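Residue numbers (this note's numbering): 369 to 525.
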Amino acid sequence: MFAIVAAVVWGIDQISKILAVAYLEGADSITVVPGVLWLSFLRNPGAAFGTGAQFTIVISVIAIIATVVLLFMARRLRDRWWAVAFGFFLAGALGNLTDRIFRAPGALHGHVVDFLKLFDWFVFNIADLSLNIAAVMIVIRAFQGIGLDGTREEAKR
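Written out as structure tokens, the structure is:
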């Protein structure tokens, strides 16, 4: 389940970015839901909200470390919800890391393609959405007291 979610969501992220570059770069924003959602192309050198643009290589290294840690922890997954959450997390981390490695201006310095503009607040992509879904799922599962192996935390004591 972990690998399937990660592969499918990463694939959707990459295809959507290829389409964004092909059809949105240099074009005016396209209204999807008036006042709520637009397709608006942006190349982001930094992290969330464009912060940390001068630390692109650090952000890339952190994403690589997060990916390795996720893959190591995934070996312990026995709970379906944790597996889905980790799959979303891995897809998000790899989605933006793929941009940082393969997009201009160069390896580990690449700018992330963002194209979904929400409420005129920020522009994001499927990988960012995936990371947020993972975060919500992880918080919920942690508050439920369910471990990676699917057992309740109090049952382990």
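Ideal Cβ placement from N, Cα and C applies to all residues, glycine included.
Bear in mind the structure is a predicted one, so any value in this text is a computation, not a measurement.
Query                                                                                                            : Result
8 Å Cβ cutoff met for F454 and L445                                                                              : yes
Straight-line gap, L438 to G513 (C-alpha atoms, nearest Å)                                                       : 20 Å
Length-filtered (4 minimum) alpha helix (DSSP H) runs lying within the region 403-467                            : 424-442
Contact set for L499: own chain, Cβ-Cβ below 6 Å, skip 5 residues either direction                               : G460
Spatial distance of L476 from V426 (CA atoms)                                                                    : 9 Å
Burial state of R520, where buried means 16 or more other Cβ atoms lie within 10 Å                               : exposed
F487 - DSSP class collapsed to helix/strand/coil                                                                 : coil
Span separating the alpha-carbon of L484 from that of V504                                                       : 20 Å
Through-space distance from A510 to K385, alpha-carbon basis                                                     : 32 Å
Close-in-space but distant-in-sequence residues of the same chain around I494 (CB under 6 Å, 5 per side omitted) : I380, D381 and S384
Bridge partner(s) assigned by DSSP for I514                                                                      : R520
Backbone CA spacing between R468 and A374 [nearest angstrom]                                                     : 18 Å
Residue closest to G394, alpha-carbon to alpha-carbon, out of A451, L410 and G478                                : L410
From V401, W406, A442 and I372, residue whose alpha carbon lies closest to that of A388                          : W406
First and last residue of the uninterrupted alpha helix (DSSP H) at L387                                         : F370 to Y391
Pairwise C-alpha distance: G515 and I506                                                                         : 10 Å
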